[in-house]
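Taking it in order: structure first as structure tokens, then the write-up.
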Amino acid sequence: MTMNKTFGSMLIIAGTTIGAGMLALPLASAGLGFSTAIMIMVGIWALMTYTALLMLEVHQYASPSATLHTLARDLLGRKGQVIASFAMLFLFYALCAAYIAGGGAQMNDKLVHWFDLDVAPQVGTIGFTVVIAAVVSIGTHSVDIINRILFSLKIVALATMLGLLVPHVQGDHLINMPLEKGLVISALPVVFTSFGFHGSIPSIVRYVGIDIRSLRKVMVIGSAVPLTVYILWQIASQGVLSQPDLMSSSNLGMFISSLSDMLHNPMVSQSVSIFADLALATSFLGVSLGLFDFLSDSFNRGDKVGGRVQTALITFVPPLCFALFYPQGFIMALGYAAIALVVLALFLPVAMVNAQRKKHHEMDEDLNGYQVRGGKPALAAVTLSGIIIISAQFLQMAGVIPAVG
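For the record, in the sequence shown the residue sitting at position 254 is 372 according to my numbering, with numbers rising by one throughout.
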């Protein structure tokens, strides 16, 4: 049973990470060249996996049901708890609103074209939200089962995409060097957010239990799957289109059209569309599960039906309202997603591990438990990386460096 949960948890991590934003990676790294883009992705993956392991070090001394709300309060005090809660809610509500808007539009499109139904746009949006809310409200086990099905279908769509593209890869395109050195900084926030899964870690710990060995496998392998998929996607997309062609694709639609036109095959755009739909659904499941458990802990809602219904309402109604009535608001909020994720996935794990190690040292306790290697130099490197990514995001917002992806 534990192995089954471990495998399912790996897929939840991978499914949460591999979202529709993956399709923007070739645009974000268009001017970098293949080798530079891969080095950045491997570096970001190592950074995010390291801080995920830091989170496990923190979780081992807490209750299996503890969320970031509880951990931050116990280790960082009231101020730390407020910062953690704000970063979590800001990021996850913005993401959920984006997923609801995107997924609702896609569902509405399917109702119109597949079933020839003349329905209002709001019907697809509300229907999509209700379906995901029902799965998440039942519990992590139901998310695990549905995610396995969707993830399997997503792999089929991905394999179809790659099967169509790889035969047309040109080696010359993969040895191009960066067009501009400044583009490396521009690409950092997009690549960084493509590896975000930390909000789901407490839900995974609660599901698997405090089994550090199994949880380490979940974090390392679960995050390595997206890295592998991203590398294959970069080989296929950057190998087919030249750097000038990629740079001229100002948005995702133009990029997909360029691929379809070059290969004279409409199946490319169809497989990309199916993959995007499935990627959006699996990401929404993982993100909303993390938000659901966080809010359940924050508001002390129990696991009984009444408590879970109340948690579902405060999890899904606010982003649904934003998606329906104020779409510009969450689009603006997504511009700050990288900053919130830096706080959530880099700064908070470092701060909590520091506080925990200091606490055990002051109490002269023997640290026989799990401790991530690297010591203070590694923690300082994580903090510096976070500062660089936040700086890159602010420079983009100020127009000093180009926004990409």
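Glycine included, C-beta positions come from ideal geometry on N, C-alpha and C.
For residue i, name the three-state secondary structure that DSSP assigns.
| i | result |
| --- | --- |
| T80 | The shown model of the chain, from 119 to 523, leaves out residue 80, and the question about it has no answer. |
| H479 | helix |
| F315 | coil |
| D411 | helix |
| P384 | coil |
| N472 | helix |
| Y168 | helix |
| S360 | coil |
| I131 | helix |
| R491 | coil |
| K422 | coil |
| Y325 | helix |
| F233 | coil |
| A180 | coil |
| P436 | helix |
| I392 | helix |
| I136 | coil |
| F417 | coil |
| G195 | helix |
Just the Cα atoms here: how many angstroms apart are residue i and residue j?
| i | j | result |
| --- | --- | --- |
| T258 | A251 | 12 Å |
| L174 | G487 | 11 Å |
| P467 | A170 | 8 Å |
| F512 | V423 | 43 Å |
| P307 | T167 | 17 Å |
| M470 | F393 | 37 Å |
| G151 | I519 | 18 Å |
| I293 | M380 | 20 Å |
| L194 | A473 | 7 Å |
| A441 | G453 | 16 Å |
| H231 | Q446 | 27 Å |
| G504 | H382 | 43 Å |
| D227 | L271 | 20 Å |
Assuming contact is defined by CB atoms lying nearer than 9 Å, are residue i and residue j in contact in what I supplied?
| i | j | result |
| --- | --- | --- |
| A397 | S147 | no |
| F417 | Q428 | yes |
| S389 | L282 | yes |
| F310 | L141 | no |
| G149 | L301 | yes |
| G139 | V261 | no |
| P344 | S321 | no |
Just checking my contact of residue i with residue j at CB under 8 Å: how many whole Å lie between their CB atoms?
| i | j | result |
| --- | --- | --- |
| I507 | A456 | 6 Å |
| M206 | L186 | 6 Å |
| S391 | S378 | Not really, about 11 Å apart at Cβ, beyond 8 Å. |
Does the distance between the C-beta of residue i and the nearest non-hydrogen atom of the ligand ZN fall short of 8 Å?
| i | result |
| --- | --- |
| S378 | By its list of ligands, the structure shown contains no ligand whatsoever, and the ligand ZN lies outside what it can speak to. |
Spell out a yes or no on whether the segment 458 to 477 and the segment 302 to 316 are touching, meaning 3 or more CB-CB pairs, one atom from each, closer than 8 Å. yes
Three or more beta-carbon pairs under 8 Å between the segment 434 to 444 and the segment 214 to 221, yes or no? yes
Is the number of C-beta pairs between the segment 346 to 365 and the segment 238 to 248 that are closer than 8 Å three or more? no
Determine, using beta-carbon pairs with one atom in the segment 276 to 291 and one in the segment 119 to 130, whether at least three such pairs fall under 8 Å. no
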